[in-house]
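Shown next, in structure tokens, is the structure this report addresses.
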Amino acid sequence: MAEVEWPWQYSFPPFYTLQPHTDTRAKQLAAWESLILEYYRVTKQSILDIREAHTSPLFNNTAINRKLPSEVVLLVLEELAKSGNASPLDKNKHRWLVYWHTLEEW
Amino acid sequence: PQIKTRTGIIGIERSLREKQKATDDSISMAFQDLKKLMEMAKDMVSISKTISTKIRERQGDITEDETVRFKSYLMSLGIDDPVTRDAYKSSNEYFKQLAKQLANILEEPVKEVGGMMTLTDVYCRVNRARGMELLSPEDLLNASRQLAPLGLPIVLRIFDSGVMVLQIQSHNDIAIVDVIANLIKDRGSLTAEELAQSEGISVLLARERLLVTEKYGKACRDDTIEALRFYPNLFLEGND
Numbered sequence: 001m002a003e004v005e006w007p008w009q010y011s012f013p014p015f016y017t018l019q020p021h022t023d024t025r026a027k028q029l030a031a032w033e034s035l036i037l038e039y040y041r042v043t044k045q046s047i048l049d050i051r052e053a054h055t056s057p058l059f060n061n062t063a064i065n066r067k068l069p070s071e072v073v074l075l076v077l078e079e080l081a082k083s084g085n086a087s088p089l090d091k092n093k094h095r096w097l098v099y100w101h102t103l104e105e106w
Numbered sequence: 001p002q003i004k005t006r007t008g009i010i011g012i013e014r015s016l017r018e019k020q021k022a023t024d025d026s027i028s029m030a031f032q033d034l035k036k037l038m039e040m041a042k043d044m045v046s047i048s049k050t051i052s053t054k055i056r057e058r059q060g061d062i063t064e065d066e067t068v069r070f071k072s073y074l075m076s077l078g079i080d081d082p083v084t085r086d087a088y089k090s091s092n093e094y095f096k097q098l099a100k101q102l103a104n105i106l107e108e109p110v111k112e113v114g115g116m117m118t119l120t121d122v123y124c125r126v127n128r129a130r131g132m133e134l135l136s137p138e139d140l141l142n143a144s145r146q147l148a149p150l151g152l153p154i155v156l157r158i159f160d161s162g163v164m165v166l167q168i169q170s171h172n173d174i175a176i177v178d179v180i181a182n183l184i185k186d187r188g189s190l191t192a193e194e195l196a197q198s199e200g201i202s203v204l205l206a207r208e209r210l211l212v213t214e215k216y217g218k219a220c221r222d223d224t225i226e227a228l229r230f231y232p233n234l235f236l237e238g239n240d
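Quick mapping for you: the protein sequence lines, in order, are chains S and R. Everything in the first sequence is counted per our numbering, starting at 1 for the first residue and increasing by one. Everything in the second sequence is counted per our numbering, starting at 1 for the first residue and increasing by one.
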């Protein structure tokens, strides 16, 4: 498996708390979106289960002992769905397909 | 007049019985008086209600002397009826005077603690200094509300969290935000407790200062079980 190049945010603790300030939150979510896409492209995965999200180093940084809460994972995925980079596989929105490129791009 | 025999058990018993009777009498007297007092107060309440409906009929924004006096009657009875009262006068004359006094005695202490004092601290200070004729929390709050309309050097401020403080008029949020933002940068990250300790302010105020800093986009939060820490807002500073 290829090594993922973590962005600076990955080791920045506030990255794992949803920010209440509007502009800050927008930046934070955008960073998460690109990180998820990058990670899935490099590790060649496409299915994301929110219930298992914490087993992946993507959402669980053991080095600084921070996890991204599941609600926020869902929020990021919904943002990704808006841009066409993800879609839910079941009604409860537990399992998601992540597209490295949007379907239009293909 | 009775002849009091103080000899023997009968004498002791009789004097005991007499004492008990006397206390019983005074107790029942007290309660009767109280009942009468309550009845009088009830009358006053109903009268003041009819007066307030009369005032309502001729509405107006002008602060007349009559309404001023009526309000002070209500205050002295302990009946608070702000819903019908507020339309006729901004607030009681008493609160205005109290507000002026507060501004007088608090201006210096508030400056000493950095330009901001929570209302509970103010309450403690004022009442401890007074000793007699203490203020009720409502009195203090109502008087504080009058500070700004009267153009006094200290004003009431309510934070988003509902915490109320008195601050000096010239207090400047942006200046504080800059100071706090620099502090966070120097230390790497800060909790409210750490800020309180290093600045010598209360934890409550330290927390509000950090939240204001966050609101201006100069800090971001890291919320964990350990503590709520504030970091420099690297998201917005564009390090990427």
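C-beta: ideal position from N, C-alpha, C; glycine also. Small disclaimer: the values here were computed from a predicted structure and weren't measured.
Between the C-alpha atoms of Leu35(S) and Arg157(R) there is a straight-line separation of about 42 Å. In this structure, Leu18(S) lies away from Val73(S), with their beta-carbon atoms at least 8 Å apart. Short of 6 Å from the beta carbon of Ile180(R), and not among the five residues preceding or following it, lie these beta carbons of its own chain, in chain order: Arg209, Thr213. Excluding five sequence positions before and after Leu98(R), the CB atoms of its chain that fall closer than 7 Å to its own CB belong to Asp139, Ala143, given in chain order. Within 10 angstroms of the beta-carbon of Met29(R) lie fewer than 16 other beta-carbons, which makes it exposed. Interface flag for Asn233(R) against chain S is set, since a Cβ pair is found closer than 8 Å.
Shown here for Ile50(S): same chain residues with a beta carbon closer than 8 Å to its own, the five before and five after excluded, namely Ser70, Val73, Leu74, Leu77, Lys93, His94, Arg95, Trp96 in chain order.
Your pair Tyr231(R) and Pro14(S) checks out as a contact, with CB atoms roughly 5 Å apart and the cut at 8 Å. Within the DSSP secondary-structure output, Gln167(R) pairs in a beta bridge with Met116(R), Val155(R). DSSP places Trp32(S) in the uninterrupted alpha helix (DSSP H) bounded by 22-43. Within the DSSP bridge table, the entry for Leu48(S) names Trp96(S) as partners.
Collapsing the DSSP output to three states places Pro13(S) in a helix. Proximity of chain S to Lys215(R) at the Cβ level (cut-off 7 Å) is accounted for by His21, in chain order. For Arg221(R), the chain S residues whose C-beta falls within less than 8 Å of its own C-beta are Pro14, Thr17, Gln19, Pro20, listed in chain order. Among the CB atoms of chain R, none fall inside 8 Å of the CB of Lys82(S).
When Cβ-Cβ separations below 8 Å define contact, Leu236(R) makes contact with chain S. Contact with chain R is found for Lys27(S), since one of that chain's Cβ atoms lies less than 8 Å from the residue's Cβ. By the Cβ-count criterion, Ile27(R) is exposed, with fewer than 16 other Cβ atoms from all chains shown falling within 10 Å of its own Cβ.
Excluding residues up to 5 positions away in sequence, Tyr16, His54, Phe59, Asn60, Asn61 lie with their Cβ nearer than 8 Å to the Cβ of Lys67(S) in the same chain.
When the Cα atoms are used, Ala148(R) and Asp90(S) turn out to be separated by approximately 57 Å. Sixteen is the threshold: since fewer than 16 other Cβ atoms of the shown chains lie within 10 Å of the Cβ of Thr22(S), the residue is exposed. In the same chain as Ser46(S), and ignoring 5 residues on each side of it, the C-beta atoms closer than 7 Å to its own belong to Tyr40, Leu97, Val98, in chain order.
Under DSSP, the beta-bridge partners assigned to Phe230(R) are Leu190(R), Arg221(R).
Counted as a single uninterrupted DSSP element, the stretch harbouring Ala53(S) is not any alpha helix (DSSP H), since DSSP gives it neither H nor E. For Ala86(S), there is no enclosing alpha helix (DSSP H); the enclosing beta strand (DSSP E) has its first and last residue at 86-88.
With respect to the C-alpha of Ser189(R), the residue from Lys35(R), Gly114(R), Ala227(R), Phe159(R) having the closest C-alpha is Ala227(R). Looking at the backbone, the Cα of Leu141(R) and that of Ser161(R) are separated by about 17 Å. Any Cβ of chain R closer than 8 Å to the Cβ of Thr62(S) would place that residue at the interface, and such an atom is absent. Per DSSP, the unbroken alpha helix (DSSP H) holding Asp139(R) starts and ends at 137-145.
Following the DSSP letters along the chain, one finds Glu208(R) inside the alpha helix (DSSP H) bounded by residues 203-215.
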